[in-house]
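Peer 1: A single structure is presented below for examination.
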Amino acid sequence: MKSAVLSAGDSRVSLLTDGLQSIKDVTRGLATRESRVLDELRQEAKLNGFKDGYEEGLTKGHQEGHAQGYAEGRAQALAEIEANERAAEARYVESLNAESALLQRCAAEWFAEAEVSLGRLAVEIAARILATEIEQRPETILDIAKAALAEATNATRVRLRANPFQIPILRERKETLLALSPMLRDIELVEDASIRGGCVIDSDGGVIDARIEAQLANLARAALEGR
């Protein structure tokens, strides 16, 4: 009887022991699984943290890079605009200088041509005045002849050529003309239809051209040389 009771007790002890071992095994398994799950969660969290940090860093870097790129691009654009403005201003100033030089050159040419034209006009006016003067005062030929003979200071004989219409006046005043120079002994008066006004004196010392057209030509030449 006692033996049967002991056997039954041993069986219960064995069952209890086995149950406890099973509980320990289950607990150990749960602990191991929990540890593994925690490790997996930590690893996932770590990876997610890295990912979030990377994305945040990438976004921040992109934003900073964009801001820096925008600032650099804006500065470059402003520099290019300023350079273009300076170049355009330089071209404008150069164009103004060229136009100013052209205007000055044109003005100088215009004034030069105007002086020539005015000189020619003055000569033409003088010629008309002299022609009118000679027509209205035929004795004007005497003044011209006196001025021409005054140049022949050492001549003793001269030949005076003049327009046929003026020879009679000169002939009437021949003695007056001879008295102009103490060395002058004779004046030969010769009609020359090619002389419209004034006279030409031929002497041993040379030719004195006192024609109106010759004097006007000298006047025009002097005006052009003196401009």
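In this text, residue positions in the sequence shown follow our numbering: the first is 2, and each later residue adds one.
From the three backbone atoms N, C-alpha and C, an ideal C-beta is built for every residue, glycine too.
Note that the coordinates shown come from a computational prediction; the quantities given were computed from them, not determined experimentally.
Answer with buried or exposed for A84, where buried requires no fewer than 16 other C-beta atoms within 10 angstroms of its C-beta.
Peer 2: The Cβ neighbour count for A84, taken over all protein chains shown within 10 Å, is under 16; the residue is labelled exposed.
Peer 1: May I have the straight-line CA-CA distance separating E214 from L161, to the nearest angstrom?
Peer 2: 17 angstroms
Peer 1: Comparing C-alpha positions only, which one of A99, G199, T154, I188 sits nearest to D144?
Peer 2: G199
Peer 1: Using three-state DSSP, classify G199 as helix, strand or coil.
Peer 2: strand
Peer 1: One question on the structure: do I142 and I170 come within less than 8 angstroms of each other, judged by their Cβ atoms?
Peer 2: yes
Peer 1: DSSP three-state label for D144, please.
Peer 2: helix
Peer 1: Start and end of the alpha helix (DSSP H) containing L178?
Peer 2: 175–179
Peer 1: Under a Cβ-count criterion, where at least 16 other Cβ atoms within 10 Å of its own Cβ denotes burial, should Q69 be classed as buried or exposed?
Peer 2: exposed
Peer 1: Measure the C-alpha to C-alpha separation of E95 and N219 and round it to an integer number of angstroms.
Peer 2: 45 angstroms
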